[in-house]
Amino acid sequence: MKFQVHYQGQTTHANLQGDIVAGTGPSLARLAAQLGGSRVVIDMGLVRSCNSIGCREWAQAIGLVCAARKVDLVECPVAFIDSCNLIPMMLGPAGSRAMIKTFYAPYYCNPCSQEFTALLDAEAVRAPKRLDPKPCPACKALTKAEVEAEDYLIFLDRMPK
Ligand SMILES: [Zn+2]
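Per our numbering, numbering through the sequence shown is continuous, rising by one, with the last residue being 207.
(1) Looking at C-alpha atoms only, which residue of R76, V124, D89 is the closest neighbour of R109?
(2) Count Cβ pairs between the region 144-151 and the region 115-131 that sit closer than 8 Å; are there 3 or more?
(3) Would you give the residue range spanned by the alpha helix (DSSP H) that A208 belongs to?
(4) May I ask whether a heavy atom of ligand 1 can be found less than 8 Å away from the beta carbon of A187?
(5) Given 8 Å as the limit, tell me if A184 has its C-beta closer than that to any heavy atom belonging to ligand 1.
(6) Please say whether G64 and K48 have beta carbons closer to each other than 9 Å?
(7) Near A105, which residues of its chain fall below 7 Å by C-beta distance, leaving aside the five closest residues on each side in sequence?
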């Protein structure tokens, strides 16, 4: 797993590339060591998969990143959201948790037999707690989410208000 880091005022942007697998913990600890500023935005868009060892390491190391600054996670993929729903510590320790700002949800268009994902804003779906239908990229038909909102949005309850 690699991070590309750039700085913008008090905010550090880190783009994560690779999978959350064994070795994730040390990578995240190295990132924590080079972070300045009071806020970090981690772009998760290029994460493809998470396995259980990787998630355990991530959960242990994310606390270091969250300890001294505000952490926002953007473009979180479905695999990461599934892990967050199973493992509360994926967002860090209670009291200094990372915020998921935007995330992907899975959709399945029956007529096209095609899966797609849609990027959603966490704040916008938090109060209604629902996954609105999204247009299929192929046929444009409004399509229901492939997952139940009450299951898929569990992570929202664990984030700071
Ligand atoms: Zn379709």
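All C-beta atoms, glycine included, are put in the ideal place defined by N, C-alpha and C. These figures come from a predicted structure and were not determined experimentally.
According to the structure shown:
(1) It is Gly, not Arg, that sits at residue 109 in the sequence shown. Comparing Cα-Cα distances from G109 to each of R76, V124, D89, the minimum goes to R76.
(2) As far as the Cβ criterion goes, the region 144-151 touches the region 115-131, which means the pair count is three or higher.
(3) No information on residue 208 is available, as it lies outside the stretch 47 to 207 that the chain covers here.
(4) Yes, the beta carbon of A187 sits closer than 8 Å to at least one heavy atom of ligand 1.
(5) Judged by the Cβ position, A184 qualifies as a neighbour of ligand 1 at the 8 Å threshold, a heavy atom of the ligand being closer than this.
(6) Contact check for K48 against G64 passes: the beta carbons are separated by less than 9 Å.
(7) The answer, listed in chain order, is I133, M135, M136.
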